[in-house]
Structures are given as C-alpha cells and as structure tokens.
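Here's the structure we're looking at; comments come further down.
2 protein chains.
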Amino acid sequence: MSVPLRRLQPFELGNVAVEGGFWGARLQTNRRATIPHVYRKCKATGRIDAFRLRWRRGQPNPPHIFWDSDVAKWIEAASYALTTQRSPQLAKTLEEVVDLVAGAQQADGYLNVHFTAVEPEKRWKNLRDWHELYCAGHLIEAAVAHHQATGSRTLLAAMIRYADYIGSVFGRGKGGYPGHEEIELALVKLYRLTGERRYLALSKCFVDRRGRRPHFFDAEAAARGEDPAATRARRAGDYDNCQAHLPVRKQAEAVGHAVRAMYLYSGMADLAAETHDAGLLAACRRLWNSATTRRMYVIGGIGSARHGERLTRDYDLPNESAYAETCAAIALVFFAHRMLQIDPDRGYADVMERALYNGVLSGVSLDGRKFFYVNPLASAGGHHRQDWFGCACCPTNLARLLASLGLYVYSAAEANVYVHLYAAGEGSGEVAGRRVTIAQETRYPWDGRVRITVGLDTPCRFALMLRIPGWCRKYKVSVNGERVRPAVRKGYARIARRWRGGDAVALSLDMPVERIVAHPGVAEDAGRVAIQRGPIVYCLEQCDHAADVRSIRLPDKAALTARFDRKLLGGVVVIGGAGLAASPAGWKGKLYRPLSGKRRKVRLKAIPYCLWDNRAPGAMAVWLPRA
Amino acid sequence: MSVPLRRLQPFELGNVAVEGGFWGARLQTNRRATIPHVYRKCKATGRIDAFRLRWRRGQPNPPHIFWDSDVAKWIEAASYALTTQRSPQLAKTLEEVVDLVAGAQQADGYLNVHFTAVEPEKRWKNLRDWHELYCAGHLIEAAVAHHQATGSRTLLAAMIRYADYIGSVFGRGKGGYPGHEEIELALVKLYRLTGERRYLALSKCFVDRRGRRPHFFDAEAAARGEDPAATRARRAGDYDNCQAHLPVRKQAEAVGHAVRAMYLYSGMADLAAETHDAGLLAACRRLWNSATTRRMYVIGGIGSARHGERLTRDYDLPNESAYAETCAAIALVFFAHRMLQIDPDRGYADVMERALYNGVLSGVSLDGRKFFYVNPLASAGGHHRQDWFGCACCPTNLARLLASLGLYVYSAAEANVYVHLYAAGEGSGEVAGRRVTIAQETRYPWDGRVRITVGLDTPCRFALMLRIPGWCRKYKVSVNGERVRPAVRKGYARIARRWRGGDAVALSLDMPVERIVAHPGVAEDAGRVAIQRGPIVYCLEQCDHAADVRSIRLPDKAALTARFDRKLLGGVVVIGGAGLAASPAGWKGKLYRPLSGKRRKVRLKAIPYCLWDNRAPGAMAVWLPRA
C-alpha cells in the first residue's frame, strides 16, 4: 500500500549553530565536560579497550553484552560535536576509537566484543535477551554520524560489511528480530546515507516479523533447550516487554520496556515515511497517542515502573516511584521528531519540547558530569545523580542527543521553512531552490520573545512556519516592525511572503506562570497542580524551604511571580509565591491525627525541574497539593 | 535476665459470646458461609485429600509446600467456631479432617504432605524457602484449638509427637530456624496447653538463633550445593525479607515480608511474657513502634510493596499500589493483642481495633465467600475480591481470626477487668477470685454508646477498665445512672468499686466525623484527608458518584454528616457532604492542561472502607484531596 506521505527535511546538523542563550551553554558543557567524561569512563571501565579482544577466560571484568553500545554512542556524540565545532584533540581521540572498533571486526563481518571474546559459542543464540542486534544498531548509527562528520569510511565500511552479514543471517526468507529494538532505525539511517534499499528491506523484515506466531522467541528458546513458558514466567513480563506480543500493525497501546518501545516506534515511523506505508503510520499514530496522551509524565518522561523499566497502564503515573528513564525521554524525542517530519503538527513538537526541557535535561547535572538514570517527580531526598552506571546507556544517550540538538530546530519542506524550537543561533537549509538562513535571537525559555532574521542572497517567496507552542495562549507576530496576523496551520503560524535578506520577524509568546492539572484519571495527581512557565516545568527543592517540600500546598488564589535570578543555577527564572505547609510539630509517635484548623504560611520558591539536585541534596516535589 | 512482666489474661473463648450488633452478623456469616466455603475450596483443590498421601510422581496437581497450612487454619477456624456454637455437622467434618491429617504422620513423627508424598528427599533441606516449620506451626495451633474445642487428643497427640521430633532435629545444640516464622508462637501455645517447658525452649531456640553469623541460611544453601550470594541476589531481598538480617534483639525496624515479621514479633512477645525477658520485650516495643508509627496504613494494613509482600521504608505508604495483605493486618492484630496483655496501654488496642474494623474486615465480602488478598487504599476499578487464591492464606486466616474474635474483647488481671473492644454480647472470667460476667449492649461502631451490665453472684471489689479509644476526645461514664469521672490509666478509664450483680455502666463516646491527616512524611497523602468516624475509616466508591471518585476534593469547611442507612450493605453509617470534582469534559487527547477556575460541586457519599467492592465494581478512594 503506497500513499504519499508529506515529508519535512531537517536542516543538516552542520548547517545549524545553536549558540548563546539557554541551549548554547548546555551544549558547550556537553562538548567540554560530558563527552570527555563519558570517554574517560568508557576508557576506565574497559569498554574501549575491550575492542582489542584480549579478554581471556578467567580474567576479571569480562566485556558485558551491551558495552559496545556505549562506545558506539560516544562515537556518535563525538562525531556530532565535531560536525558543529572543530576540535583537533577530540578528532584524534575519535579516530583512535574508530580504528579500535573497526579492528574488532571478524572475517565474516561480525562485530561484537562480548560474543567474540567472551562467549563466541553463543553468537545469535538469544536475540531476545542478549542485545547483539541492539549493539549493531548503535554501531551503525555511529558509523553514519562518523562518516558525515569526518568523511572517513573506516567505520562506515566496517558497518556496511556487518550490516550485509546481518542481512545474510536475518534477511528475507530468514527469521528473527531483536528483543531490544534499535537496529531498525539504524538501518534506515544507513539506507539514507548509502541509498542501498537492502538496508531498508532488512529493517522492514525486523519490523514486520515482530510478534508473529509461531513466536520466534519461543523457537530460539526451544533451540537453546529451554522451556519457553517457564522462561517467560520468570521474566519481567511476557512478549510485551519487548513489544513482541502482537504484529506491530496490530499494536494499539505503548507497552513494555519504554526505551525499546520508542526505538521501535521511531524505526516504524522511519519505515512508514520511506516506504509510504499508511498502515504502519497509522500504528505509529495510535502508539504515539497511547504513549503521550495517557502514559507520559508532565516532564515528558515515560515508563512508570522500575520493574522492567516499563510503560504500565493508562494514567498510572506515580510520582515518587516514577522510573521515567532518561533514555526513554530521549527516545521519545526521537519518535516525536520523526512523526513531526511526516506530519508537521505542533503536537509532536510540543511533546519533543516538553521532554527536552524537562525529563531529558534533568538527566545531566549542570556541570555535565553527573547523570540521572531515573527521573522521579517527587523525592524524599535520597535520589541523586551519579557519575556513571554499570548500565551506562543514559550518559551516552544524553551526550549524543545534546550534540545533535541542532537537528531538531528547523526543517525545510518545499517552499516552507519550519521553526520547531526557539533557540539562539542560526540554521540554513535549501528552501524553494535557494539557501535560506534563519537567525534567532532569544532568551527563550526564560522569555517568550524571539527575533528572527532571514538571510537570503536574492529575494524569494516561501512561508516561514513558526511554531506557536501548545502552552501559549496569546502571542504577537510582526514582520519588519509591522504587526501581522498569520493563519495558524496545525499549530504553526504561516508567514508566506517574498522574503528579502535582512527581513526581521518578531515573535512574542505570552509566558505566564501556569498551574497545570493532570487528567482526572491520574489518581496520584488529583487535587494537585504542577507549576509550568513556557516549556519549563518547575519543582520545589528542599534547600530553598524550611518546611518539608512534599507537604507544601499551593492555594489556588496565591499569586505566583516569575523573576530571573542570574546568580542561581547559571541563571534561571524562579517562581515565588505563598504556600501553606503542614505543621511539623506534635507528631512524635503519631502517624495519623485529626486535621487541625491551623494554617502555616510558607514562602515557596520553585526552580526548573531539570535543574534540581544541583545544590544541597534534599527532597523535591513537582505536583503540589492545592489549597 | 528475669524481670516481672505484668500480664493480662484474655477471657477464654468459650466464655465470650459476641452476638448481635456489628460483629454478631459478621461472625454468623463467618460460621455459616466462610468456614464451609473454605472447607469446600480446600476439598475441591485437593488440599484435604492430599493428607491421604496418594500423590505419585507424574500425576497432576502435586500438593504444594504450604497447602498443609491452609487445612490447619481451617481446622483452627472450625474448632473456634465449635467452641462458641454447637454444630453437629461441622463437628463431624472436623473430625474427618483431623483424622486424615493425623493419619499422614510418619513413623518418626514427621508430618508434612509435600515433603512426604512429593519430594521426600528434600525434607529439612531448605528452611529458608520451603515452609515446613511454618506448616508445622499452623498444625500445632490447629491441634491446640481442636483439643480446647473438643477435648479430643487425636491431633494434639500427633502434634506433640511432631513437636518432639522437631525438637530432636532443631532443639538445643542444633541449628536452624524457619524462613517463614509461625512455629515460634505455636510452640508457646503448645507450652501453655501442656505445661511442657521444652516447647518454650524450642521456640526460644528458633527466636534466638535468628540472624546470627555465620548465617544458617548460607550454610544450608551451601549444603544444597548452591552459592548463597547468588541465591540472595536473585531473591526479593536479602536476609531481611525473613527478618534474619540481625539477631532479633538487635532489630529496630520492622522489615521484610510483613506477615512473617508480625508472626515473629508475636512469638517474641509471647516468649518475652513467658520468660520475663525484658530485652526481648524491648525489641518488641521498638519493632511495634517502627511498624505502627511509621509504616502502617490508616486502615491498619502493613507491607506497602507487592514485590516480596514487604514492609519498605518509613512513611512509604502509596495508596493505589498498596499491598497491605489481609494476612498482615491479621498478624498485626495478633501482635497487638499480645503486647496489650503484657502492657495494657490503649495504644495497642487502638491499632488492633483500627486493623480489625478496616484492613482485616475488608478482606472478606459481606456474603463471606469472596476475599481480598491485597487491600489498596485507592483503585482505578480493577481490584476485586476473589473466591479463592492459589496461595490461600488470607481466606483461612480470616476464618480463624473471626471465629476467635471473642478472645480479643476482654481480659482479666488480678482485680481488674479490661474491656478492650466494644461489641454486643457478653463474656465472663475469673476476677479477684470470682466469676464476673460483663454484658454489653451497643450499636458500636455506628454509635458511641455502650451499656455494660455486670453479672456477679456476690458483691465484689474490682476495677472495670474501659478503653477510651484514641480517636475519642470526649466521653461520659455513668454507673447506675450517676455520672462518674474515672481516672484514666494508659487510656483505660478505671472504675473501681464494690460491684454488685446488675450494676450498669453507661459509656458514651463522642463519635464525630473527623478528617484525618497523615504525618508530613507520607508524601502521597500530602494535602489529603481521610474520613474517619469512630474506628471506621471511610472511602468513596464509584457506584455512589458520577464524577471519578479519585478526583473528588473535599473542602476543609464542607460539613460532613453521618446518617445510618439500614438498607445499605447490611446497615451502615454513611457520611454525606459536598465535594468538588474535576471536570471530565474537554480532556479528549489531553493529559495535562492549565487549571481552570471552574468549580464543579458534587454530592459525596462515603461508606466504610471495609465494605467497598460489595456492590457494582468501580473505582475507590480513601485519601481525598483537600480543597
């Protein structure tokens, strides 16, 4: 079934500079601190040297089954960083790592450290659990990014050989697909770079086989001599943990391991776009709606349950026990961005922005060297960032997403230029046959004013499509100082005209402090509000309050005021107001007591959620009881 | 270390009639419906016939390792029922079952179906996980109850042989103790019945060995050829799951599997009382405070976490995901009752009453044939009672507790008679050398008025100790129509006088509707109240409301009125008032939106928590957001 799918093209990463302002500072930290830190950790833990394949039975620290993916994501991050900014030092380190990785390739094209050096007899014996195709996917993404950044074919050639070998094992007429998705979207990237449709076809094999009966995971378990039923009963879930409970076109609910789900859906969206597959796109839309309109935290985090790192049920969004893995929010950004290129509806960009400014950015400390794997929306004070994890997916994922943030800002589509995100800097792309540059000056998200300057060699007619975020209820646009009232199409204000170089657009988005409520089905947030201003979700941190922040109530009528504090946390807008706190007195030996009429006023100070746990450790709360 | 421990003596079960009123009806249902239902289920599932030891390898439905305990608890329940009320039919069935059970005893005294018929080679090979001593404990409790009810020695003699055999394997100089406690308290019961101190000594062995290093559970794992560290890593917790992380006298926090914890602490309290062991009693007090002042739901449920059925951390009391196993609330009643007999402080009775009227009674449907294993404090509508469980501990535990409820009402202590619970009926015991009868007329818990009539052959001086419940802030007492102002000692109003037969005491406990708040540390209840009246905790059930009950807010100033509805749920006091609900409109496709100023008034109707899910299935909420 082939139907036309509208398709936006993001501006190329090398043509976008995100500089200055909110993101500029964070991206600089990513380049200067996070990427080197991740390298040092990969080095110190043996992940990089593992590619030398020198581990021998009996030695300590055997390379883990998914170490390869960490190094791959670091290569990808470093490549993106080099795409946007020169660094001879980083370039040198990158080439050393790439040479090491490529050198680990086997004669037949296979490339996986664990199943070469540690358990070679187990190659391809357990696609469900052992992450080989997942690691392969990350290496392919790394190779594409590395080639695009440097022009080098070292890793790309190796990955082409590996992909072709994988195709010979799992291609048309064969069986099997990964328990942890990732290779599906990677193969589409490889196809886009090389133009070789066989990679698209292989990705489609993996996607289309998923969930069919008789079940591949049962067959491979039986081949290992296991009782598949017994194995399933012992595990975190059934097939749905890896989205293999149904063929993907029949799936309607976002279920199972959240990162796996989002990687799969991203690959499905890529395939739908490339193959004009309306059925697959319809499944993507259903799964998008399931994930984002019934199973997503206000910070853009998904996957409520620690057990299995899973999406659970509609409206099951507990705060203190929230899992909301950083990688899952990142993967949601991937999925959102892909859907947005197919269908430029601000709903996708709103979720992308929500995740980026909140549940993604919370994943990394201000200094770029500490990370959250889990992002709760309330804490008793025991949750803190760490400088590394045994399972180190999140730091490496953060590094590569931030290094490639420029990809998410602009898109071109025939005679339209889309601005999805407001971020100081500039980007250029091909629009209506000409090179157009869009420069943004803005203090967003602290301020809703954005000044856009169009750069063009010769005048040209196209439409500038400016996203009016879903959180914004009043805005103004002017062009060269004159107020215009553009039509809004799917949330994008359309300013079509014959543009000249130097034309200036002023967008002013009203950004009041808002109290946000959750759907009545979210029982834990009943009677509670979250504070949001623009795309930023706020929280109370204990170090700003004497009363236990988890007991502070916010009267509906209390005024909330926004104020920029340039000294705090690198410069942030803080929200102030008057709250009510529970009395801490008279509780000795008591767990329950009658409500007393006493009211205790407290001054509350809310800071951006993404910046909590950068000061003194303590409790934190996003959803505040109303009073 | 021997110190005097004050000691109350409960009135004997056979001398207490709980009749009419609130409990009379529930106990009748227990006798008429629950006990026969549990028997039929034990029969139909093979639990009873398993004692014929006819199962052979290859046959279906092998007797499970803890089936014996279900039959034992049914024997105990049936015995208590026969103690208070004649039933030739029940007596006949009971003797058949007892004969079957006793007939399964092996020549050496061992009596366990699974480890005789199914895996005889595994006898005593895994005390940590395989529940043999747990089953033995329940059989001993059953034997004591059966002998007390019928005078028969059939089961008692068998259990004495079994206990002596257990003593030969695990007694002084040997090692080992159960992973699931229960036998500790059972052996004290056997000691109390027989006067044989060796059973007390064996119980003390099990208690005192617990948690010592080198660790017995490691030693037995090693003896099975396992790596203990690997085993522990795979399991729900470490030693603390079975309270074996420290010697019991060093334990300060109630941890691990909640039922195991309470059974252990009950046994410890028994031993402390019998052996005048102040150190052990101090540990009991610490563990009591930990469990009841920092880790208990307002319904008297304990054990927040489904995973491992465990107690977790202080103030970690999630509502919708609450586990609060029925058996754990029952076991808390056991522990409370034992502490109360050592130290007649109403704090123990308050918790006992809280659990009985709420988190215990919720475990069984009004018709007596359906059961909750898990007792959440909020539900999206998917939680319902079942007529049985693969792990059927709760129905059998409910049956035996309710059948023995009379034990919990009164105690005697030298020249004092304690009334712990208010319940229509009467009880008699030996006080100051004479038989005293206490008759209660009351509609409690629907009404705070209790009329007590003293029955005595000849006048006699003693003190009537009437519990003034912790929830009660105003009360009146009169004797023979004259107001008295008794001193209150540890929450018991002391009316000391020369009593004559026919003397009447009128107690009137003020029972307003109260809003209860939880300790500020309970983050999930911040900004919420529970409705309580007398000992009854209320909830909103969906079938009484159009708005989603989990979104209904209760304004602090809204009047709440109590009204007896004789047609509802067998006759209950319902609480009415005006609440505010979230608007259900305009949410299509949305998960979050700005708070609107609109207020939607709804009439709310709260019913006793213990009676929810007896009508149309639907959502439920105990803790209501304040407004």
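In order, the protein sequences belong to chains H and P.
Taking our numbering, the leading residue of the first sequence gets 334, the next gets one more, and so forth.
Taking our numbering, the leading residue of the second sequence gets 334, the next gets one more, and so forth.
Beta carbons: idealized from backbone N, C-alpha and C, even for Gly.
{"Asked": "Any beta carbon of chain P sitting closer than 8 Å to that of Ile869(H)?", "Found": "no"}
{"Asked": "What separation, rounded to the nearest whole angstrom, lies between the Cα atoms of Phe399(P) and Arg886(P)?", "Found": "44 Å"}
{"Asked": "Decide if Ser501(H) is buried, meaning its Cβ has at least 16 other Cβ atoms within 10 Å, or exposed.", "Found": "exposed"}
{"Asked": "Would a check of beta-carbon distances place His590(P) closer than 8 Å to chain H?", "Found": "no"}
{"Asked": "How would you list, in chain order, the residues of chain H whose beta-carbon sits under 9 Å from the beta-carbon of Pro651(P)?", "Found": "Pro651, Glu653, Ser654 and Glu857"}
{"Asked": "Identify the contact partners of Arg886(H) in chain P, using a Cβ-Cβ distance below 9 Å as the criterion.", "Found": "Ala859, Gly860 and Arg959"}
{"Asked": "Considering Met629(P), what are the terminal residues of the alpha helix (DSSP H) in which it resides?", "Found": "Unbroken run through Met629(P): none, as it is neither H nor E."}
{"Asked": "Whole angstroms is fine: what's the gap from Gly544(H)'s alpha carbon to Glu586(H)'s?", "Found": "14 Å"}
{"Asked": "Secondary structure at Arg494(P), three-state DSSP: helix, strand or coil?", "Found": "helix"}
{"Asked": "Whose C-alpha, out of Gly760(P), Asp720(P), Ser916(P) and Ala657(P), is nearest the C-alpha of Val882(P)?", "Found": "Ser916(P)"}
{"Asked": "Please tell me whether Ile849(H) has its Cβ less than 8 Å away from any Cβ of chain P.", "Found": "yes"}
{"Asked": "Taking a Cβ distance cut-off of 7 Å, strictly less, list which residues of the stretch 920-942 of chain H are near chain P, in chain order.", "Found": "Trp920, Gly922, Lys923, Leu924, Tyr925, Arg926, Pro927 and Leu928"}
{"Asked": "By DSSP's criteria, Gly912(H) is part of a beta bridge. Which residues make up the other side?", "Found": "Val935(H)"}
{"Asked": "So, with DSSP's three-state summary, where would you put Asn749(P)?", "Found": "strand"}
{"Asked": "Can a CB atom of chain H be found closer than 8 Å to the CB of Thr894(P)?", "Found": "no"}
{"Asked": "Give the straight-line distance between the Cα atoms of Ala837(H) and Gly867(H), rounded to the nearest whole angstrom.", "Found": "23 Å"}
{"Asked": "Since Asp881(P) meets chain H, which of its residues come closer than 9 Å, beta carbon to beta carbon?", "Found": "Pro853, Gly854, Ala856 and Ala859"}
{"Asked": "Give the residues of chain H in contact with Val631(P), contact being defined as C-beta atoms less than 9 Å apart.", "Found": "Leu924 and Tyr925"}
{"Asked": "Starting from the N-terminal side, write out each stretch of the beta strand (DSSP E) that is 3 residues or longer and does not extend beyond the stretch 454-534 of chain H.", "Found": "none"}
{"Asked": "Would you verify that the beta carbon of Pro395(P) is, or is not, closer than 8 Å to some beta carbon of chain H?", "Found": "no"}
{"Asked": "Buried or exposed for Asp441(H), going by 16 or more other Cβ atoms inside 10 Å?", "Found": "exposed"}
{"Asked": "Evaluate the contact criterion for the stretch 340-350 of chain P versus the stretch 716-729 of chain H: three or more CB pairs, one atom per stretch, below 8 Å.", "Found": "no"}
{"Asked": "Cβ of Thr775(P) less than 8 Å from any chain H Cβ?", "Found": "no"}
{"Asked": "What's the C-alpha gap between Ala688(P) and Leu694(P)?", "Found": "8 Å"}
{"Asked": "Looking at Leu738(H) and Val351(H), is the spacing between their C-beta atoms short of 8 Å?", "Found": "yes"}
{"Asked": "I'd like to confirm something about Ala616(H): is its beta-carbon nearer than 7 Å to some heavy atom of the ligand ZN, or not?", "Found": "As for the ligand ZN, it is missing from this structure, which has no ligand bound."}
{"Asked": "Look up Thr362(H) in the DSSP assignment and say whether it is helix, strand or coil.", "Found": "helix"}
{"Asked": "Hey, does Arg627(P) have any beta-carbon neighbour from chain H nearer than 8 Å?", "Found": "yes"}
{"Asked": "Say whether the stretch 624-643 of chain P touches the stretch 656-665 of chain P, bearing in mind that this needs 3 or more beta-carbon pairs closer than 8 Å, one atom from each stretch.", "Found": "yes"}
{"Asked": "Determine whether the beta carbon atoms of Tyr596(H) and Glu465(H) lie at a separation below 8 Å.", "Found": "no"}
{"Asked": "Could you give the residue range of the beta strand (DSSP E) that holds Met672(H)?", "Found": "Element bounds for Met672(H): not the beta strand (DSSP E) but the alpha helix (DSSP H), Thr659 to Ile675."}
{"Asked": "Considering only residues of the same chain and omitting the five flanking positions on each side of Tyr495(H), which have a CB-CB separation below 8 Å?", "Found": "Gln438, Gly442, Tyr443, Leu444, Ala469, Leu472 and Ile473"}
{"Asked": "Could you spell out where the beta strand (DSSP E) holding Cys872(H) opens and where it closes?", "Found": "Ile869 to Glu874"}
{"Asked": "Whole angstroms are fine: how far does the CA of Ile864(P) sit from the CA of Leu842(P)?", "Found": "18 Å"}
{"Asked": "Identify the residues that DSSP records as bridge partners of Pro958(H): which are they?", "Found": "Arg861(H)"}
{"Asked": "Any idea if Pro393(H) is buried or exposed, counting beta-carbon neighbours within 10 angstroms, 16 or more meaning buried?", "Found": "exposed"}
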